[in-house]
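Peer 1:
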Amino acid sequence: MELSLWTYEGPPHVGAMRIAASMEGVHYVLHAPQGDTYADLLFTMIERRDRRPPVTYTTFQARDLGGDTAELVQRTIADAVQRFQPEALLVGESCTAELIQDQPGALAAGMDLGGIPMVSLDLPAYSKKENWGAAETFYQLVRTLLKAQVPPPGTPKPSPQRWQQEGRRPRVNLLGPTLLGFRCRDDVKEITGLLQEHGIEVAVVAPLGARPADLVRLPEADANVCLYPEVADSVCSWLERSFGLPVVRTVPIGISATEAFLKEITTLLGLTGADGAVSNGGAAPGLPATAASASRLPWYSRSVDSTYLTGKRVFIFGDATHAVAAARIASKELGFEVVGLGSYSREQAREVRAAAKELGLEALITDDYLAVEKAMTEAAPELVLGTQMERHSAKRLGVPCAVISTPLHVQDVPARYAPQMGWEGANVIFDSWVHPLMMGLEEHLIGMFRHDFEFVDGHRSHLGDGAPSMTPAADPVHPGLKPELVGTAVDPAASTASASLGVATATATLEAPASGAIEIRWSPDGEAELHKIPFFVRSKVRRNTEGFARERGIALIDAETLYDAKAHLSH
Amino acid sequence: MGVSVADAASASPELLKQSGQREVFCGLTSIVWLHRRMPDAFFLVVGSRTCAHLVQSAAGVMIFAEPRFGTAILGERDLAGLADANEELDRLVRDLLERRPEIRTLFLVGSCPSEVIKLDLSRAAERLTSQFNGRVRVLNYSGSGIETTFTQGEDNALLSLLPLMPSSNENQLLIVGTLADAVEDRFVSLFAKMGIEAVRSLPPRRSTELPPVGKGTKVLLAQPFLSGTSRALVSRGAELINAPYPFGVEGSRDWMAAAAAAFGVDPARVAQVLDPLVERGRRALAPHRQVLEGKRLFLMPDSQMEIPLARFLSRECGMELVEVGTPYLDRQLMAQELALLPSGTQVSEGQDVERQLERVRAARPDLVVCGLGLANPLEAEGIATKWSIELVFSPIHGCDQAGDLAELFARPLRRRQLLAFS
Chain A
16 MELSLWTYEG
26 PPHVGAMRIA
36 ASMEGVHYVL
46 HAPQGDTYAD
56 LLFTMIERRD
66 RRPPVTYTTF
76 QARDLGGDTA
86 ELVQRTIADA
96 VQRFQPEALL
106 VGESCTAELI
116 QDQPGALAAG
126 MDLGGIPMVS
136 LDLPAYSKKE
146 NWGAAETFYQ
156 LVRTLLKAQV
166 PPPGTPKPSP
176 QRWQQEGRRP
186 RVNLLGPTLL
196 GFRCRDDVKE
206 ITGLLQEHGI
216 EVAVVAPLGA
226 RPADLVRLPE
236 ADANVCLYPE
246 VADSVCSWLE
256 RSFGLPVVRT
266 VPIGISATEA
276 FLKEITTLLG
286 LTGADGAVSN
296 GGAAPGLPAT
306 AASASRLPWY
316 SRSVDSTYLT
326 GKRVFIFGDA
336 THAVAAARIA
346 SKELGFEVVG
356 LGSYSREQAR
366 EVRAAAKELG
376 LEALITDDYL
386 AVEKAMTEAA
396 PELVLGTQME
406 RHSAKRLGVP
416 CAVISTPLHV
426 QDVPARYAPQ
436 MGWEGANVIF
446 DSWVHPLMMG
456 LEEHLIGMFR
466 HDFEFVDGHR
476 SHLGDGAPSM
486 TPAADPVHPG
496 LKPELVGTAV
506 DPAASTASAS
516 LGVATATATL
526 EAPASGAIEI
536 RWSPDGEAEL
546 HKIPFFVRSK
556 VRRNTEGFAR
566 ERGIALIDAE
576 TLYDAKAHLS
586 H
Chain B
855 MGVSVADAAS
865 ASPELLKQSG
875 QREVFCGLTS
885 IVWLHRRMPD
895 AFFLVVGSRT
905 CAHLVQSAAG
915 VMIFAEPRFG
925 TAILGERDLA
935 GLADANEELD
945 RLVRDLLERR
955 PEIRTLFLVG
965 SCPSEVIKLD
975 LSRAAERLTS
985 QFNGRVRVLN
995 YSGSGIETTF
1005 TQGEDNALLS
1015 LLPLMPSSNE
1025 NQLLIVGTLA
1035 DAVEDRFVSL
1045 FAKMGIEAVR
1055 SLPPRRSTEL
1065 PPVGKGTKVL
1075 LAQPFLSGTS
1085 RALVSRGAEL
1095 INAPYPFGVE
1105 GSRDWMAAAA
1115 AAFGVDPARV
1125 AQVLDPLVER
1135 GRRALAPHRQ
1145 VLEGKRLFLM
1155 PDSQMEIPLA
1165 RFLSRECGME
1175 LVEVGTPYLD
1185 RQLMAQELAL
1195 LPSGTQVSEG
1205 QDVERQLERV
1215 RAARPDLVVC
1225 GLGLANPLEA
1235 EGIATKWSIE
1245 LVFSPIHGCD
1255 QAGDLAELFA
1265 RPLRRRQLLA
1275 FS
């Protein structure tokens, strides 16, 4: 039994729903009690889907439990097949149905479904979670549709370069994009375009937008691109084992990863010339020569205004794929200092641990958002890259944040084209990570003019909501800066306003001295000196000085202590 | 649980009973407003990851520093041995209460899985109450989907408080059902003007300040979904005031007047207090009535507030009722409301969502009141919708709120008139 206040992932059957809802022609019959239909709103609200997910629930109640729930399952399956006429049927159960052991998959197997392929899903609700459920569902569906085609053992693997003999372009599958994934729709478009520029065709994109018949065509490609390992890793491995389809595993998020991805895929497909230069196999001319001309990120990052990004402390948490990519981009391509890295994806923990180790960090692998918030607080970052959970934690701490991973909010499904992958993805990442920070020159000017009478303490960047780096919560002792929203009831349906809730509570929790530690006070001259420090670094200086004082058993901080601490900490 | 008591068939409405897929929340959802009403209480769902995900999704983006609700997620080990599950629950509750010393009442909320494995939460509550030795009271109720729909969770939560309510034959008006604090204050001051001074509420604002109940208690239901609680209060000697529910000018007026009558307040004094409110409320309604009049309305079953809202929207806003869905029909609690519906109104009980959507498509209503899972898909088919969940979160009770309540339904229609892309 574990206590959960907010969860990063839903139950595994929600992962199965993501596969069904991402595809066309697939229907999912879910044996589940009344109330489990809540999951529909994830798709219709967060993704603003214009249709209901293709899921029929048995919605049994207590009075059904006394009777024949197995009969209810069979009736529901028969009705759903008749009404929706799917090309493939998924049958499974949610956590409660798992306990009553009606075995809906076995019941479906005993029914005449008119020859529709049926996948019985066994998703253990008490030990597994949403991404695992999505990966397992995708794998079981692909396996069911392809098992008749699996070549006998010993069959030689097809060459990924056979396209050269067959007089056609090389072609690959893009695997893993789903609804409720992070920017999948736009990533698919970006990567499809990128591959086309290199003369590579995309055969099948799945699950997003695919029909069961498209999955049957998967082995016709020369290679699989595992775009989202959380969902596609097991399918890619199975296709590699069973059909000899090689897998491109570099996830093209960021400049260096996009280059590595292109190198991996062109080498594999035999598109690299003898000189090592990437050719496009005689496809369209005008191929971008280098990343520098294809994306603005490298130049923007080198331009002088970006000098202020140097060493910005950044805390990263998300799914494994996006967290690892973010750590690499932040440290290598933007010159940030990564001060924390973690993920809730236990299945991919090894990759996250390795990435953290490279940065001299210990990876935080947890699905407890309070543990993440605690680590975030201790790391004292200037920017947080996280999920919706971290966005809220960062807001409470007064630290700017950009969302880089699921779980999502409706605002993370933008109307505009906003991929994360490829060259345009790098542009989007530059903008969305750098904009929440104050602009370089602006930061400099505020420092210069802070003694002018026009200067208002708590001055905010021009970037309205994006610049909470100096919100009141960051400096709780200052009396003029009490958050206005403290204690006010806010209509919980009003999303924008409610996001500000909890400022006061968080402040109280986070600033409370650790029990047993000495209580530190500030002398008037110490406090006065502290307030000469620009407010946007003041809370950090306050924290550092108090830490310094605590270590030395100094109970009263005066101006001298502050300068002692400054001298000590700058070493 | 209090599913329909078919004692007296109402004369006018046509009742269609449906069974099939029910697109409704379970009772756990009511935690989302209950925890805000009683800031000194914590709601601990004993359930699965699905339960945690449901409450989180229903609460939407409302993320607090640390919410006063959570889920004790059952793992495989808990399923293997129930003795362990009880020990685990005790440990988890101890940790939680150590972390949250301000909590005075802890509700253990039963879920579908906890009920199917027959985890006895009432014994757990007793055991934990004695362990905490009066510092925290531990109660339990079921919010499971197999036992409750959506707002029935509040009914069960209030029922669990009932044994703790002291007995007293003192004369008092007891308003039952969660109201927004500001709305409650307004009602209390209006009743005071009519000379009713002893007005109390269930649930109270502080979980430990429970009102008494007994022969002098007159119960006025602020919400239409409290079947179990109202019956239990009556069994403690209270008298149930028959009234429509306080939605719209007419409903709110009749609701307050029924309470006044029960206390023998002079009708002239009631009129003196309420007439100006009624007049002002009608003025506030007028611009919205212009938008809503003659428009055809379809209500999907969801919050159990559908019948009173249909009455308001038809009688005060001039809407035509195509179908009024309700998850279950309690004829006793709905008697006054059903009598006020236009004769021949199609009322449906229960749901078979696919067939109901077929009726929606066939009827092409001007507005459908429905849950969040159905709203965008219907909008994409060209049918305007109003999310029903807003109705349990917004202050909509009372004459003063009637204009706001009508506005909630008029807004989607106004918006459609505003938008133009060609």
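Taken in sequence, the protein lines are chains A and B.
Following the working numbering, the numbering of the first sequence begins with 16 at its first residue and continues without gaps.
Following the working numbering, the numbering of the second sequence begins with 855 at its first residue and continues without gaps.
Yeah, the Cβ is synthetic: ideal placement off N, Cα and C, and Gly gets one too.
Nearest to residue 1082 (chain B) by alpha carbon, out of B:1254, B:888, B:1002 and B:967?
Peer 2: The shortest C-alpha separation from residue 1082 (chain B) is found at B:1002.
Peer 1: On the CB-based measure, 16 or more other CB atoms within 10 Å of its CB, does residue 907 (chain B) come out buried or exposed?
Peer 2: So residue 907 (chain B) counts as buried.
Peer 1: Alpha carbon to alpha carbon, how far is residue 1027 (chain B) from residue 1115 (chain B)? Give it in angstroms, no decimals.
Peer 2: Computed Cα separation, rounded: 12 Å.
Peer 1: On the criterion of 16 or more Cβ atoms from any shown chain inside 10 Å, does residue 301 (chain A) qualify as buried, or is it exposed?
Peer 2: Low confidence applies to residue 301 (chain A): its pLDDT is 46, below 50, so where it sits in the model is not reliable, and the reading given next is rough at best. Answer is exposed; the Cβ neighbour count stays below 16.
Peer 1: At a Cβ threshold of 8 Å, is residue 160 (chain A) touching chain B?
Peer 2: False, the Cβ-Cβ gap to chain B never drops below 8 Å.
Peer 1: Decide yes or no for the touch test of the segment 1082-1099 of chain B against the segment 1000-1015 of chain B: beta carbon pairs closer than 8 Å, at least 3 of them.
Peer 2: Judged by Cβ distances under 8 Å, the segment 1082-1099 of chain B makes contact with the segment 1000-1015 of chain B, as three or more pairs qualify.
Peer 1: So, for residue 324 (chain A): in the same chain, excluding its five sequence neighbours on each side, which residues have a beta-carbon less than 6 Å away from its beta-carbon?
Peer 2: For residue 324 (chain A), where only same-chain residues beyond five positions count, the Cβ hits under 6 Å are 349 and 350.
Peer 1: Listing by chain order, which chain B residues have their CB less than 8 Å from the CB of residue 332 (chain A)?
Peer 2: Going along chain B, no residue has its Cβ under 8 Å from residue 332 (chain A), so there is no contact; the nearest lies around 15 Å.
Peer 1: Using alpha carbons as the reference points, say which of B:1238, B:1035 and B:1066 lies closest to residue 1153 (chain B).
Peer 2: Of the listed residues, the one whose Cα sits closest to residue 1153 (chain B) is B:1238.
Peer 1: Where does the unbroken beta strand (DSSP E) through residue 218 (chain A) begin, and where does it stop?
Peer 2: Segment 216-221, the beta strand (DSSP E) holding residue 218 (chain A).
Peer 1: Given this structure, state the Cα-to-Cα distance separating residue 193 (chain A) from residue 171 (chain A), to the nearest angstrom.
Peer 2: When rounded, the distance between both Cα atoms is 32 Å.
Peer 1: Rounding to the nearest angstrom, what Cα-Cα distance links residue 154 (chain A) and residue 249 (chain A) in this structure?
Peer 2: Residue 154 (chain A) and residue 249 (chain A): Cα-Cα distance of roughly 6 Å.
Peer 1: Could you check which residue in B:925, B:920 and B:894 has the C-alpha nearest to that of residue 905 (chain B)?
Peer 2: Checked all of B:925, B:920 and B:894; the closest Cα to residue 905 (chain B) is B:925.
Peer 1: How would you list, in chain order, the residues of chain B whose beta-carbon sits under 8 Å from the beta-carbon of residue 15 (chain A)?
Peer 2: As displayed, chain A neither begins before 16 nor continues past 586, which places residue 15 (chain A) out of reach and without an answer.
Peer 1: By the 9 Å beta-carbon criterion, what residues does the segment 76-94 of chain A contribute toward chain B?
Peer 2: Residues 76, 77, 78, 79, 80, 91 and 94.
Peer 1: Where residue 116 (chain A) and residue 74 (chain A) are concerned, what is the direct C-alpha to C-alpha distance, given to the nearest angstrom?
Peer 2: Cα to Cα, residue 116 (chain A) sits roughly 15 Å from residue 74 (chain A).
Peer 1: What does residue 394 (chain A) reach in chain B if we use C-beta pairs closer than 7 Å?
Peer 2: In chain order: nothing, as chain B lies at least about 18 Å away.
Peer 1: For the segment 990-1001 of chain B, list every residue whose C-beta sits within 8 Å of some C-beta in chain A, in sequence order.
Peer 2: Correct list: 998, 999, 1000 and 1001.
Peer 1: Flag this pair as yes or no: are the beta carbons of residue 184 (chain A) and residue 215 (chain A) separated by less than 8 Å?
Peer 2: Yes, the Cβ-Cβ distance between residue 184 (chain A) and residue 215 (chain A) is below 8 Å.
Peer 1: Distance check for residue 446 (chain A) and residue 315 (chain A), CA to CA, integer angstroms please.
Peer 2: Answer to the nearest angstrom: the Cα atoms are 10 Å apart.
Peer 1: Can you tell me which residues form a DSSP beta bridge with residue 1072 (chain B)?
Peer 2: B:1027 and B:1093.
Peer 1: Strictly under 8 Å for the Cβ-Cβ distance: is residue 48 (chain A) near chain B by that measure?
Peer 2: Judged by the 8 Å Cβ criterion, residue 48 (chain A) is in contact with chain B.
Peer 1: Taking 8 Å as the CB-CB limit, is residue 1214 (chain B) close to chain A?
Peer 2: Judged by the 8 Å Cβ criterion, residue 1214 (chain B) is not in contact with chain A.
Peer 1: Using 8 Å as the cut-off, can you tell me whether the segment 1239-1249 of chain B makes contact with the segment 1174-1181 of chain B, which would need three or more C-beta pairs spanning the two stretches below that distance?
Peer 2: Cβ pair count under 8 Å is below three, so no.
Peer 1: Secondary structure at residue 480 (chain A), three-state DSSP: helix, strand or coil?
Peer 2: Only weak support is given to the placement of residue 480 (chain A): the predicted model assigns it a pLDDT of 43, under 50, and the value that follows is read from those uncertain coordinates. Residue state, collapsed to three classes: helix.
Peer 1: What are the boundary residues of the alpha helix (DSSP H) that includes residue 583 (chain A)?
Peer 2: 574-584 is the extent of the alpha helix (DSSP H) around residue 583 (chain A).
Peer 1: Going along chain A, which residues have a C-beta under 7 Å from residue 1041 (chain B)?
Peer 2: Chain A residues near residue 1041 (chain B): none, gap ~17 Å exceeds 7 Å.
Peer 1: Would you identify the three-state DSSP class for residue 386 (chain A), choosing helix, strand or coil?
Peer 2: In this structure, residue 386 (chain A) counts as helix in the three-state DSSP scheme.
Peer 1: Could you check what DSSP says for residue 1022 (chain B) in three-state terms: helix, strand or coil?
Peer 2: It is coil, neither helix nor strand.
Peer 1: Indicate whether at least one CB of chain A lies closer than 8 Å to the CB of residue 1230 (chain B).
Peer 2: Output row for residue 1230 (chain B): interface = yes.
Peer 1: According to DSSP, is residue 238 (chain A) helix, strand or coil?
Peer 2: Three-state result, residue 238 (chain A): strand.
Peer 1: From the beta carbon of residue 1250 (chain B), is the nearest beta carbon of chain A less than 8 Å away?
Peer 2: False, the Cβ-Cβ gap to chain A never drops below 8 Å.
Peer 1: Beta strand (DSSP E) containing residue 399 (chain A): first to last residue?
Peer 2: From DSSP, the beta strand (DSSP E) with residue 399 (chain A) extends over 398-401.
Peer 1: Mind listing, in chain order, the continuous beta strand (DSSP E) runs of no fewer than 3 residues lying wholly within the segment 1230-1268 of chain B?
Peer 2: Fully enclosed beta strand (DSSP E) runs of 3 or longer: 1239-1241.
Peer 1: Could you give the first and the last residue of the continuous beta strand (DSSP E) run that contains residue 994 (chain B)?
Peer 2: Note, residue 994 (chain B): beta strand (DSSP E), 991-996.
Peer 1: What residues of chain A sit near residue 876 (chain B), judged by a beta carbon separation below 9 Å?
Peer 2: Going along chain A in sequence order, the residues near residue 876 (chain B) (Cβ under 9 Å) are 49, 50, 52, 72, 74 and 76.
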